[in-house]
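**Q** Residue numbers (my numbering): 5 to 71.
We treat Cβ as the ideally placed atom computed from N, Cα and C, and that holds for glycine.
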């Protein structure tokens, strides 16, 4: 097997720093790995158990507003 080194431009795709290389028959397939969504990242985080402070404490009541 020969070694191949080069730069592959992915056209107008979104910028990415990682690619997936796979071989199908005689073809070498290069696919960009797109970053996941914010929602999928948040789903992996641990639940927050501490209580948040009441930031409205000590403020005057809001006026009644009619829109």
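#1: Does DSSP put residue 24 in a helix, in a strand, or in coil?
#2: I'd like the list of long-range same chain contacts for residue 59, defined as Cβ closer than 6 Å, with 5 residues on each side in sequence excluded.
#3: Express the C-alpha separation of residue 39 and residue 46 in angstroms, rounding to a whole number.
#4: Determine the extent of the alpha helix (DSSP H) in which residue 45 is found, giving its start and end residues.
#5: Can you tell me where the beta strand (DSSP E) holding residue 34 begins and where it ends?
**A** Quick look at the numbers:
#1: Three-state result, residue 24: strand.
#2: Closer than 6 Å at Cβ, skipping near neighbours: no residue.
#3: Here the alpha carbons of residue 39 and residue 46 stand approximately 13 Å from one another.
#4: Residue 45 -> alpha helix (DSSP H) spans 42–47.
#5: 31–36 is the extent of the beta strand (DSSP E) around residue 34.
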